[in-house]
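**Q** For reference, each letter of the sequence shown is one residue, going -18 to -1, 1 to 81 in mature numbering (1 follows the signal peptide of the UniProt record, and there is no 0). Note that CB positions come from ideal geometry on N, CA and C, so glycine has one too.
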Amino acid sequence: MRLIALLCLGLAACASPAPQFFGADRHDITLSGIDFVVFHKEDRAEVIRLGYLSRSARAPVPALMVEAAERTTGCRVVPGSAVTGLPGDTGEVRLELDC
């Protein structure tokens, strides 16, 4: 049982990019106490939120993901370019950048 708990804890801290972001620059950033990993490749970024958040704590995450991408890449996020795997997902987003 302990092994399963440790494995889950270890996997929760991992972040792997989507295939189109293989070879991308990786940046780690913490904003408002939430950890993010940003993968930056050319004019695109993928932002992954690490760790668990309750539903009530997720409201500020989309704006923090945009901020994480802009701070780490030095580029501006193109408004309306956010795409998630699932509508309303706050765990991962892909963004277009204006560099």
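#1: Taking 6 Å as the limit between beta carbons, can you name the residues of its chain near SER63, skipping five residues before and five after?
#2: Could you give the residue range of the alpha helix (DSSP H) that holds LEU46?
#3: So the beta strand (DSSP E) THR12 belongs to, where does it begin and stop?
#4: Quick check on the burial criterion: 16 or more other C-beta atoms within 10 angstroms. Buried or exposed for THR12?
#5: Alpha carbon to alpha carbon, what distance is there between GLY67 and ALA6?
#6: Where does ARG76 sit, in a helix, a strand or coil, going by DSSP?
#7: Please check the pair ALA(-1) and VAL29, which I expect to be a contact at CB under 8 Å, by giving their CB distance rounded to whole angstroms.
**A** A quick look at the data gives this:
#1: In the sequence shown, the residue the question calls residue 63 occupies position 81. Here the set comprises LEU77, GLU78.
#2: Along the sequence shown, one-based indexing puts residue 46 at 64. Looking at the DSSP string, the run of the alpha helix (DSSP H) that includes LEU46 is 43 to 55.
#3: The sequence position of residue 12 within the sequence shown is 30, counting from 1. Per DSSP, THR12 belongs to the beta strand (DSSP E) from 7 to 13.
#4: The residue labelled residue 12 in the question sits at position 30 within the sequence shown. Per the 10 Å Cβ criterion, exposed.
#5: The residue given as residue 6 occupies position 24 in the sequence shown. The residue given as residue 67 occupies position 85 in the sequence shown. Taking the straight line from one Cα to the other gives about 19 Å.
#6: As a first step, residue 76 must be located in the sequence shown, where it is residue number 94. It is a strand residue.
#7: Here residue -1 is taken as the residue at index 18 of the sequence shown, counted from 1. Here residue 29 is taken as the residue at index 47 of the sequence shown, counted from 1. About 11 Å separates the two Cβ atoms, so there is no contact after all.
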